[in-house]
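Take a look at the structure below.
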Amino acid sequence: TAHTPGTDPHPPTTGSLRQVQAARVTIKDLNKSYGSNHVLKGIDLDVAPGEVVCLIGPSGSGKSTLLRCVNLLETPNSGTVEVGEFTVTDPDVDIDTMRRHVGMVFQQFNLFPHLTVMENCTVAQIKVLKRGKAEAQKVARRQLRRVGLGELADRYPDQLSGGQQQRVAIARALSMAPQLMLFDEPTSALDPETVGEVLAIMRQLARDGMTMLVVTHEMGFAREVADRVVFMDGGIVVEEGRAADVITDPQQPRTQDFLRRVL
Ligand code: ADP
Ligand code: MG
C-alpha cells in the first residue's frame, strides 16, 4: 500500500515484543566524493517514521556510501542528514549518542568470532548503554527469541549457518533499541536456502513499525515489504515511487535496463 506521510504504514502487530520509537530520516542535497570520484551527487531522500525504503541500483551507484553517510561511517562533503532528533551532519553532533539510535546490518554479518551469540548481543549494551549484565542479557534473550534463536545463545558464530549468523546480527542491533535500521545487502552473502529466514525477520520488523533503509537485490522482498523503492545510478536518484510501480512499471530507461538484468 502507498505510504501516506503522517500515518504509520505498519502498525505494530498485537503481541509485538516492543513498541518501536521510529525515527524520520531527512537527507538533503547530500554530496560525497572520494578524491575526484564524485560518488553521491545531491541526494534528497525523506523516510517517514515506520517507513521501509529499499535502495536498488547497479554496483558502484553509491548505495552503500549513502547508507554509510546516514550514520557517519563516511563523512559527507556537503548537504544535511537528520535522523530523528539528530542532525547527523552538524559538526557538533554527539556521534556516539546518535549511533546508539541507528542499527546497521552488513552483508558480512560482522559478528565477533571469539564471543558467544549472547556475548555478541550484550557487549555494546554493557559498554555503550552502561546496562548491567543481567539487564543486557534479558534484553538480548528477548531479541534472540524474536529472531527465532533463543536456543542458540551459547553457541559461537562459526557454529551457526550464515542465515543464523545474520539473524544474530539483527538481534544484536535490536538489543540497542534503535530508532532506525540500515541494511546493506543483508542476504547477498547467504546460501539461497537461508535467505528466506532473514527476509522473514526483516518483514516482521517492518510490521513492528521500524524505520528501515534497505539496500537489496531481492526484488520480491522490495515489492512485498517496501513502501517505496529508490533506484540509484551514478550517484543520483534516477527514479523512486511505490515499490510495485517502480519494479513492475519503471519509467526511466536506466531503471528499465537495470530491472531487465536483475529480474
Ligand atoms: P554500491 O554500494 O552502490 O555498489 P558504493 O557506495 O560502494 O556503491 O561505491 C560507489 C563508488 O564509490 C564506487 O566508485 C566505489 O569505488 C567508490 N568508493 C566506495 N567506498 C570507497 C572508499 N572507501 N574509498 C574510495 N572509493 C570508494
Ligand atoms: Mg554496496
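Heads up, the sequence shown stops at 267 in UniProt numbering, and the numbers go up one at a time, no gaps. Cβ atoms here follow ideal geometry from the backbone N, Cα and C, with glycine treated the same way. Keep in mind that this is a model prediction, so the values were computed, not measured.
Residue i, buried or exposed, once every other Cβ within 10 Å from all chains shown has been counted against 16
{"i": "Ile174", "result": "buried"}
{"i": "Asp195", "result": "exposed"}
{"i": "Ala52", "result": "buried"}
{"i": "Phe116", "result": "exposed"}
{"i": "Pro257", "result": "exposed"}
{"i": "Lys36", "result": "buried"}
{"i": "Lys137", "result": "exposed"}
{"i": "Ile60", "result": "buried"}
{"i": "Thr69", "result": "buried"}
{"i": "Gln163", "result": "exposed"}
{"i": "Thr191", "result": "buried"}
{"i": "Asp33", "result": "exposed"}
{"i": "Glu89", "result": "exposed"}
{"i": "Gly39", "result": "exposed"}
{"i": "Glu155", "result": "exposed"}
Option in the options with minimal Cα separation from residue i
{"i": "Gly239", "options": "Thr30, Gly64, Val127 and Gly39", "result": "Gly64"}
{"i": "Ala204", "options": "Asp195, Phe225 and Phe187", "result": "Phe225"}
{"i": "Arg227", "options": "Leu76, Asp212 and Asp249", "result": "Asp249"}
{"i": "Ala26", "options": "Met185, Thr120, Asn124 and Pro161", "result": "Met185"}
{"i": "Leu133", "options": "Ala177, Thr215 and Asn41", "result": "Ala177"}
{"i": "residue 4", "options": "Glu243, Leu44, Cys125 and Lys45", "result": "This structure cannot settle anything about residue 4, because the visible part of the chain is limited to 5 through 267."}
{"i": "Ala105", "options": "Thr259, Asp188, Leu71 and Ala181", "result": "In the sequence under discussion, the amino acid at residue 105 is His, which differs from the Ala named in the question. Checked all of Thr259, Asp188, Leu71 and Ala181; the closest Cα to His105 is Ala181."}
Length of the line joining the Cα atoms of residue i and residue j
{"i": "Thr252", "j": "Gln147", "result": "35 Å"}
{"i": "Met223", "j": "Arg145", "result": "32 Å"}
{"i": "Val74", "j": "Gln112", "result": "19 Å"}
{"i": "Asp94", "j": "Thr198", "result": "40 Å"}
{"i": "Asp50", "j": "Ala230", "result": "14 Å"}
{"i": "Leu76", "j": "Asp261", "result": "32 Å"}
{"i": "Asp48", "j": "His118", "result": "40 Å"}
{"i": "Gly83", "j": "Asp100", "result": "21 Å"}
{"i": "Gly213", "j": "Glu55", "result": "7 Å"}
{"i": "Gly200", "j": "Phe110", "result": "17 Å"}
{"i": "Gln183", "j": "Thr215", "result": "7 Å"}
{"i": "Glu243", "j": "Arg232", "result": "11 Å"}
{"i": "Gly152", "j": "Leu209", "result": "13 Å"}
{"i": "residue 1", "j": "Glu78", "result": "The question about residue 1 has no answer, for the chain in this structure spans 5 to 267."}
{"i": "Val97", "j": "Ile31", "result": "16 Å"}
{"i": "Thr120", "j": "Thr259", "result": "43 Å"}
Cut-off 8 Å between Cβ atoms - residues of its own chain near residue i, not counting five sequence neighbours on either side
{"i": "Leu263", "result": "Met223, Ile251 and Pro254"}
{"i": "Thr102", "result": "According to the sequence displayed, residue 102 carries Met and not Thr. Excluding residues within five positions, the ones whose Cβ falls inside 8 Å are Asn75, Leu76, Val87, Phe90 and Val92."}
{"i": "Val241", "result": "Ile47, Asp48, Leu49, Val234 and Phe235"}
Beta-carbon proximity list for residue i, same chain, < 7 Å, skipping 5 on both sides
{"i": "Val266", "result": "His221 and Met223"}
{"i": "Asn81", "result": "Asn35, Lys36 and Ser37"}
{"i": "Lys67", "result": "Leu59, Gly61, Val219 and Met236"}
{"i": "Val202", "result": "Gly167, Gln170, Arg171, Pro190, Thr191 and Leu194"}
{"i": "Met122", "result": "Gln141, Ala144, Ala157 and Asp158"}
{"i": "Lys45", "result": "Asn35, Gly239 and Ile240"}
{"i": "His42", "result": "Gly239"}
{"i": "Arg207", "result": "Val229"}
Close beta carbons around residue i, own chain, < 6 Å, minus the five adjacent residues each side
{"i": "Gln129", "result": "Arg135, Ala140 and Ser179"}
{"i": "Ser165", "result": "Thr198"}
{"i": "Pro161", "result": "Leu115, Pro117 and Gln169"}
{"i": "Phe187", "result": "Val109 and Val218"}
Minimum Cβ-Cβ distance from residue i to chain D less than 8 Å
{"i": "Gly54", "result": "Here there is only one protein chain, and chain D is not present."}
Subject >> By C-beta, the residues closer than 5 Å to any heavy atom of ligand 1, given in chain order >> reply: Tyr38, Val43, Ser63, Gly64, Ser65, Gly66, Lys67, Ser68 and Thr69
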